[in-house]
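Residue numbers (my numbering): 1467 to 1550.
Given below as structure tokens:
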């Protein structure tokens, strides 16, 4: 899922930045699957040293593949809750 997609589902269509803040402050405490959230371009948005590599490794361990430009094909891997 993307940050914006979560914001949209939470009733805040322009709430991507709020989602970033919530994930950053609550992921450890509530054991949130933060690594499954990426930006709308299919990129890992984390800039902290080593964190992007860690997120990429976690996603790859779940079968997510990256393009040559180090992005995720959102058409192939985006979560579509309306399907479930």
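Think of the CB as a built atom: it goes at the ideal place given N, C-alpha and C, for glycine as much as any other residue.
Quick caveat, the model's predicted, so the values are computed rather than measured.
Within the segment 1493-1534, the complete alpha helix (DSSP H) segments at least 4 residues long are 1517-1527, listed from N- to C-terminus. If you look at residue 1548, you'll find it isn't in any alpha helix (DSSP H); DSSP assigns it neither H nor E.
Taking the C-beta atoms as reference points, residue 1522 is found nearer than 8 Å to residue 1510. In this structure, the alpha-carbon of residue 1497 lies about 25 Å from that of residue 1532. Residue environment: residue 1549 is assigned as exposed (fewer than 16 neighbouring CB atoms within 10 Å of its CB, all protein chains considered). The residue from 1504, 1492, 1489, 1474 with its alpha-carbon nearest to that of residue 1530 is 1504.
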